[in-house]
Each structure stands twice: as C-alpha cells, then as structure tokens.
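There are 2 protein chains.
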Amino acid sequence: MGRSSRVQAGENRARIVQVASDLFRARGIEAVGIADVMKAAGMTQGGFYKHFASKDALAAEACALAFASAAETWRDVARTAAAEGRDGAAAIADHYASVRPPSRTCPMIAFAADAARRGSGDPVQRAFREGVQTLFETFADAVQGDPTPEAGEPLRSRFAAMVGSNLLVRSVQQEAWASRAAPPAS
Amino acid sequence: MGRSSRVQAGENRARIVQVASDLFRARGIEAVGIADVMKAAGMTQGGFYKHFASKDALAAEACALAFASAAETWRDVARTAAAEGRDGAAAIADHYASVRPPSRTCPMIAFAADAARRGSGDPVQRAFREGVQTLFETFADAVQGDPTPEAGEPLRSRFAAMVGSNLLVRSVQQEAWASRAAPPAS
DNA sequence: TGTACATCAGTGAACGCGCGTTCACTGATGTAC
DNA sequence: TGTACATCAGTGAACGCGCGTTCACTGATGTAC
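Chains as they are written, first to last, in my numbering: chain A, 1 to 186; chain B, 1001 to 1186.
#1: Alpha carbon to alpha carbon, what distance is there between B/Ser1054 and A/Arg6?
#2: In angstroms, rounded to a whole number, what distance separates the CA positions of A/Ala9 and A/Ala64?
#3: Run the CB neighbour count on B/Pro1101, radius 10 Å, all protein chains shown included, and call it buried at 16 or more, exposed below.
#4: Starting from B/Trp1074, follow the alpha helix (DSSP H) in both directions and report where the run begins and ends.
#5: Alpha carbon to alpha carbon, how far is A/Ala41 from A/Ser4? Give it in angstroms, no decimals.
#6: Between which two residues does the alpha helix (DSSP H) containing A/Lys39 stretch?
#7: Please determine, among A/Thr44, A/Glu61, A/Arg86 and A/Cys106, the residue with the shortest C-alpha to C-alpha distance to B/Ala1116.
#8: Buried or exposed: B/Val1099, going by 16 or more other Cβ atoms within 10 Å of its Cβ?
#9: Quick check on the burial criterion: 16 or more other C-beta atoms within 10 angstroms. Buried or exposed for B/Tyr1096?
#10: Between which residues of its own chain and B/Asp1204 is the CB-CB distance below 7 Å, once the five residues before and five after are set aside?
#11: Would you kindly work out how many angstroms separate the C-alpha atoms of A/Ala89 and B/Ala1093, rounded to a whole number?
#12: So the alpha helix (DSSP H) B/Phe1048 belongs to, where does it begin and stop?
#13: So within the region 1094–1141 of chain B, which uninterrupted alpha helix (DSSP H) runs reach at least 4 residues, ignoring any that extend past its ends?
#14: For B/Asp1022 and A/Phe24, I'd like the C-alpha separation in whole angstroms.
#15: Among the candidates B/Phe1067, B/Ser1165, B/Val1017 and B/Val1163, whose CA atom is the shortest distance from the CA of B/Arg1104?
#16: Any heavy atom of the ligand SAH closer than 6 Å to the CB of A/Met162?
#17: Would A/Ala161 pass as a contact of B/Gly1002 if the rule is Cβ separation under 7 Å?
#18: Comparing C-alpha positions only, which one of A/Ala110, A/Phe48 and A/Ala71 sits nearest to A/Arg170?
#19: Would DSSP call A/Glu30 helix, strand or coil?
#20: What does the alpha-carbon distance come out to for the pair A/Met38 and B/Ala1127?
#21: Does the CB of A/Val37 have a neighbour CB from chain B at under 7 Å?
#22: With 7 Å as the threshold, decide whether the Cβ of A/Ala59 is near any Cβ in chain B.
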C-alpha cells in the first residue's frame, strides 16, 4: 500500500479522531495506546505521526469532539421535547441520567480527572473547559423556552447536581444514586 | 540495613499507605509508580512486595484511607459548627467547596473515573463504594441535627450538587463554577 | 541471662513488557511540461 | 492527453524508556534451649 489520496487521508484523520474519542471516553486517555487507536481506525501505528504531533494533540481533538457530539445530542433531545410541549432542560436531564454504553460516557465525567491535573495552558484542559461551557449553554438555552422557570434554584446548581448524580451512579455502580428513573431513551 | 522490628515494619507499612493515599489523590493511581511511593515513604521499591500483593492491593487500601480521612475531617467540621449553633451540613458544604492542596482533593472526584471503569468485584471499586456511603452518611448525620431541614430537596440531590460543583470547579479551573464563596478554612 | 540459629524486612539490581515515538522504505497520488 | 518525476500517506520494524514485578542477598530481629 502506497500513498492515499488527500481526500482519503482527510477521511482517515477524521476517523482516527472519532475512534479515539470513543476509546478515550470509555477507558480513559492513559489506558488507550496509539496502537489501539490506529488498529480501531483500520491502520497501523506508524502512520499516526503523519496526522498528529503527539498523543496529547490527538487527545485534545478527541476531547473536543466528544463534547461537540454530546452537545449535538442534547440539542436534538431539547428540540424533540420542545416540539412535544415538554421542557427541554428536563428532557436533557432525563436523557443525561439514562444508561449509555462506555463510549458514550459523559465527557465531563470521563475527562474531569485528567483536566483537573493538567495546567490551564494544556490543550486538553482548554478543550475540556470550552466543552463544559458549550454543554452548559446548551442546557441553559433549552430552559429559556421553558414557561415555568423554577425560581430560586440557580441554573448552575441544577447543572452541577445533574453531573454529580451521574458521577456517583457511574462510579458507585448502584442505581440508588440516580436522581430519577432512567428512561430507555438512547 | 537488615531486618526491621515488627513494630517498625508495621509503621513502615502504614506510612506507605498514607503516602500512597496522598499521591494517588493528587496525581491519580496510574500516574504514580511503586518507586515513587516507596521513595516518598523513605524506602526502596524492592521492599514493597513484603507488604502488598500488588499495586492494586495498595490502591484499594490507599483509597479507603483517603475516604476515612475525609470523613473524619467532615465530622470535625460538623461538630465545630454544631457547637457554634451553625448547621453541620452547610458547614461541610462550605468546607467542601474550599480550595485544598492536590493531596487533599476529594476522593470521590480523584477516584471516580478509576472506580467507574473497574468491575463491581474490584477491591478499589469496593473501597470507593463504601467510601461514598460513609461520606454521605456523615453528611446526613450532620443535617439531622439541623432545626431547619429544607423540605423538598432530597439529601442525595444536595450531596450530588455539592460533588458536581466541586468536580466542575477543579476540572474547569475557573471559580465561576463554585456554588458559593469559598471560605479560607482548611 | 547467654548463646546459636532461624526468620524475614529491606536493599539494589535485574527482568519482561508495553508504551510513545522514530525511521527507512513503498508505491499510489499529484504536478510540471 | 501523455510522460517523467517529486511528493507523501501509510507500513512495519525498531528505539528508549519507565513501569510492575521478581530475586539473590544482607544483617538485625526473634526464638529455642
């Protein structure tokens, strides 16, 4: 096999990021090797450095993609709920509490420990910070169309409670920590 | 240097667990090596396996110690608050939100990702689950003496919000995510 | 209480392994004329 | 449109390195008499 076309190379690069995003979410950045990622993308590990300067550079892009993917799902959930007259933020919260496969673990939970241990200039830290901001804004936008804004409970607290509950459910692995019944929605 | 006395050996073992607990909380289990732990405990790495069957076995004990240490601090905080007529649970929440050195990172946050990725039979997972239970009970005990139990907000939600807020503050590294002003208390 | 011996906590070097990264090479793709 | 050459995406093996773990050894501690 010789050189791929530029279009193919671009597709290969995108697939590496996509596959890495899923693997890092499921198993953590440290626990996944370059060889694992490249194999899952259908290539050999030698070609990795034709696309990325380092594993950290890939991690930053994969982290950003995970947040972008989650935000898009949230928007869909809120839009569907709004179309049915339900509260978008409550729909997001319900969706968020539902069980998902490891590759769809909330990126805030999957990458929090890594982000916390990296300096503020680190590219992964930056992707994490921007990703949290995006998710919070998506959540806030969904609540603004709500005709019954529950006064008194600041939005950030609701958001934090949602995240904290999910963290405890996933890590303790007992449903007792779920804040509400998980719907079968994906 | 030859053999240590049984008393000294016991002290050495306890010091290894204590030092590992701090290092694992600060940097994560994977990022800390046996050699790091032993060096911090004032010994060489060869002696490690005279005390523990594996790194995982140490991790489980270190995790349990971190939770026990946190729970003891919470009890002190609640006791002091109660003696001054303040609400114990609120005092714990204030303390919890305060900035601490990395070695005093909340064990729920430091070990959550690891615990979530381990099976339910794993010793670290077990230590984590029991530790969360202990912290929650400590929190609940502190609130029971509260003459003004805020009705409507379940205790688990308050607890989850506290944890989620802390997770976001530490990982995003921006104080905007703090649920309340952090007091200088240690 | 002393003495001779067995035990075993701790040392320091080595082992195998998997990791991130590098590199010489290949051959299809892209470019210049 | 064809042809000759340069480019470079991908291959597969190798490189150092640090990790968890093992091991032969040491000598103070603990034990038996």
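C-beta atoms are modelled at their ideal positions from N, C-alpha and C, and glycine is treated no differently.
Considering the structure as presented:
#1: 49 Å
#2: Going from the Cα of A/Ala9 to the Cα of A/Ala64 covers about 21 Å.
#3: Its Cβ having fewer than 16 others within 10 Å, B/Pro1101 is exposed.
#4: Lys1055 to Ala1083
#5: Rounded to the nearest angstrom, the two C-alpha atoms are 15 Å apart.
#6: Taken as a continuous stretch (DSSP letters only), the alpha helix (DSSP H) holding A/Lys39 covers Ile34 to Ala40.
#7: A/Cys106
#8: exposed
#9: Counting Cβ neighbours within 10 Å, B/Tyr1096 comes out buried, since at least 16 surround it.
#10: No information on residue 1204 of chain B is available, as it lies outside the stretch 1001 to 1186 that chain B covers here.
#11: 26 Å
#12: B/Phe1048 -> no alpha helix (DSSP H), and no H or E assigned at all.
#13: 1107–1117
#14: Taking the straight line from one Cα to the other gives about 26 Å.
#15: B/Phe1067
#16: The ligand content of the structure shown is nil, which means the ligand SAH is not present either.
#17: no
#18: A/Ala110
#19: coil
#20: 35 Å
#21: Not one chain B Cβ lies under 7 Å of A/Val37.
#22: no
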